[in-house]
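In what follows, a single structure is set out as structure tokens and then discussed.
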Amino acid sequence: MFNRLAAWLVPSAAPDDEHAKKRFDILAQLKKAVMEVCNWYEEKNKLEFQGKRPLEEEDIGMHDLLWSIQGCLQHGLREDLTACPSAWLLVHFIKTTLTEPSNPIGQAIDEASKESSTDAGRIRYWIRHALNQSLVEPTLALALLASNEQFLRATYDDNALLRCQEGTTIMTQLLSYLKELAFNVHVSDREFPRRRTSLPTLSGGLLPPPTSASPLPESRVDVLFEHIDSFVNDVAAQADEFLTTRARSLSDREKPWQHAFDVELSFLVKNPYHTRYAFIHPHLAVPNFLVECLAFLKMHAATPRLFRTTVSQVYVAPVKDYIESHGKMPPSGVDPHVASAVLLDFLRHIPEPLVTSDKFDAFVASSRMANEADGVRNLTCLVADLPVEYKVTMEVVFGALAEVLTHAEENGLTIVGLSIALAPAIVRKRDMTKMQTQDVRMAAIGAHVVELLLLHHTSIFQQVRDQIANAHKVCAKKPCIYHSPR
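Numbered by my numbering, the letters in the sequence shown go through residues 13 to 498 in order.
What follows is the structure, given as structure tokens:
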């Protein structure tokens, strides 16, 4: 899925490429909106006792989602096409490519065409209707077919988001998450609201009914909610920063040698506090908490939305502090989503990433080879040439995650979704800046590398597994190792 990248957007793109920055800013906004909507959908239905309620336009994150979808479709439209360029040109073109009149995609487009008199109104009507019918991502997939490339070239600039292979891949994946949600947006062609204009309503008397004695003007209500949102965001950010800083400051004062995060892997595997087999055998030296965390994730592999739920540092920081204080995962009370966030946080902040900086380009090039078998062969050779602690850790991590993927029916996790989540943490260079736009970029560049490593885990890591098995045989001759305390 990620092996056809646009030739003009290469991994070494200049940092001052304004067009690339604009595309990734748009994608970052879409990602934020999708996460907010997904999180609110879960929270909303936790409070609902009469079955799941669909999302409405007044719900948290919906105004951002509507604007983001329209912004993605509008970006880069050629201004010389019409007086007011609109993404309706693309949607209407998709209707002309359909052969079956009963196709739901075509029916949704026809309805939008009839219900509004302007192209701008039609695209707004269609976005609302398509969300309700889960047709946004399928319609976009039709637009991106190779047979429609000539139309896209004629309608969009060269630097448009829909002309970028990386960008459309990420956009399609983000929109696919919306298919799991239920929407009940009031369908009309009116302008999208720029902020939530009222509190989400929940049944069961959770909120008191509004009094009619002194209603607030609509403008004052808008300002009120804007201040509330700003205040909540500020408090959450301050709480995250305080807990993270506090946990680190305590560790710095009391136990600097016990750090497990932001520490070189080569040092961590030789620290007997965190690694049981430190200085015993290099092919067995894997941090204790990493082994326990992966075992915990395998045990809870059926958890819905695993690796796809945003977890606040408010929950992650105490677990990290416990690991550094006790040299292991907490024995109980850890949520699977928090465990997955701890795993990603550990991998993301290893100073030297698992693929190592000097082999980064080779890993990416291998994943782009036209013949997949040749790419797998090259990846096998690259893994074999990694330092011992890196290839052993990779085998342990990818082996566990490959097992988690076998529970896709329960957790809804796809290999593409997991690859996008892992890529910024594993396939990167040491000196890369930690920016959200950089994460979006690495999710596209490195996702195919991670996807191949997961798909062909058995063959790529076979030599590493043999070395680990031989190490266990050697250590089996020394029973005292297994009777020593951890």
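All C-beta atoms in this analysis are idealised placements derived from N, C-alpha and C, irrespective of residue type, glycine included.
Span of the alpha helix (DSSP H) around residue i
i      : result
HIS312 : Taken as a continuous stretch (DSSP letters only), HIS312 belongs to no alpha helix (DSSP H), as it is neither H nor E.
GLU421 : 420-423
HIS75  : 74-86
VAL328 : 325-338
ARG440 : Run containing ARG440: none; DSSP gives neither H nor E here.
HIS293 : Note, HIS293: premise wrong, no alpha helix (DSSP H); not H, not E.
MET406 : 400-417
ILE121 : 116-127
LEU356 : 348-360
TYR137 : 131-145
ARG202 : Per DSSP, ARG202 belongs to no alpha helix (DSSP H) and is neither H nor E.
ARG477 : 474-488
ALA272 : No alpha helix (DSSP H) contains ALA272, which DSSP labels as neither H nor E.
ASP386 : 384-397
LEU156 : Note, LEU156: premise wrong, no alpha helix (DSSP H); not H, not E.
SER502 : For residue 502 there is no data in the structure shown, the boundaries of the chain being 13 and 498.
Given residue i as reference, the closest of the options once Cα atoms are compared
i      : options                           : result
PRO97  : ARG389, ARG134 and GLU149         : ARG134
HIS338 : CYS305, PHE301 and LYS64          : PHE301
GLU421 : ASP347, ARG317 and ALA382         : ARG317
ALA435 : ILE139, LEU464, LEU147 and VAL416 : LEU464
LEU152 : HIS104, THR405, GLU123 and VAL486 : HIS104
THR180 : LEU154, LEU398, LEU430 and PRO66  : LEU154
GLU178 : GLU415, VAL350 and LEU39          : LEU39
HIS460 : ALA382, ASN482 and LYS489         : ALA382
ALA307 : ARG320, ASP333 and SER352         : SER352
MET74  : LYS340, ASP274, ASP333 and LEU143 : LEU143
PHE358 : ALA437, ARG320 and LYS310         : ALA437
ALA45  : SER125, PHE291, ASP386 and ASP71  : ASP71
VAL275 : GLU364, TRP52 and VAL331          : GLU364
ASN392 : PHE36, SER471 and ARG320          : According to the sequence displayed, residue 392 carries Thr and not Asn. Among PHE36, SER471 and ARG320, the Cα nearest to that of THR392 is on SER471.
ALA158 : HIS312, THR109 and ASP131         : THR109
LYS485 : THR111, ILE292 and ILE117         : ILE292
ARG106 : THR130, LEU156 and GLU123         : In the sequence as presented, Arg is not what sits at residue 106; that position holds Ile. Nearest of THR130, LEU156 and GLU123 to ILE106, Cα basis: LEU156.
Contact check, residue i vs residue j, beta carbons under 8 Å
i      : j      : result
GLY424 : GLU192 : yes
TYR402 : LEU366 : yes
LEU186 : LYS43  : yes
TYR189 : CYS305 : no
LEU417 : ILE427 : yes
VAL551 : VAL298 : Look at the range of the chain in this structure, 13 to 498, and you will see that residue 551 is not part of it.
PRO348 : THR315 : yes
LEU67  : ASN196 : yes
LEU296 : THR405 : no
GLU69  : HIS198 : yes
VAL303 : VAL328 : no
HIS361 : PHE273 : yes
VAL323 : VAL281 : no
GLN82  : ILE121 : no
Cβ neighbours of residue i in the same chain (closer than 8 Å, five flanking residues each side left out)
i      : result
ARG175 : ALA18, GLY88, LEU164, ARG165, TYR168 and ASP169
LEU173 : ARG35, ILE38, LEU39, CYS84, HIS87, GLY88, GLY179, THR180 and MET183
Beta-bridge partners of residue i, as assigned by DSSP
i      : result
TYR168 : LEU89
LEU2   : The chain is shown only over 13 to 498; residue 2 falls outside these bounds and no answer can be derived.
Neighbourhood of residue i by C-beta, 6 Å cutoff - its chain only, sequence neighbours within 5 removed
i      : result
LYS441 : SER369 and PHE372
VAL388 : HIS468
GLN41  : SER80
ASP201 : SER128, GLY133, ARG136 and TYR137
ALA99  : LEU85, GLN86 and ILE135
LYS64  : ASN57
GLN162 : none
VAL233 : Note that VAL233 has pLDDT 49, beneath the 50 cutoff, so the model's placement of it is unreliable and no number is given.
GLU415 : LYS310
SER146 : LYS191
ASP131 : SER98 and TRP100
ALA194 : PRO66
Beta-carbon contacts of residue i that lie in its chain and below 7 Å, excluding the five residues immediately before and after
i      : result
LEU394 : LYS371, ALA374, PHE375 and SER378
PHE410 : LEU465, LEU466, HIS469 and PHE473
GLN479 : HIS295
TYR334 : PRO342
GLU91  : PRO97
THR321 : HIS349
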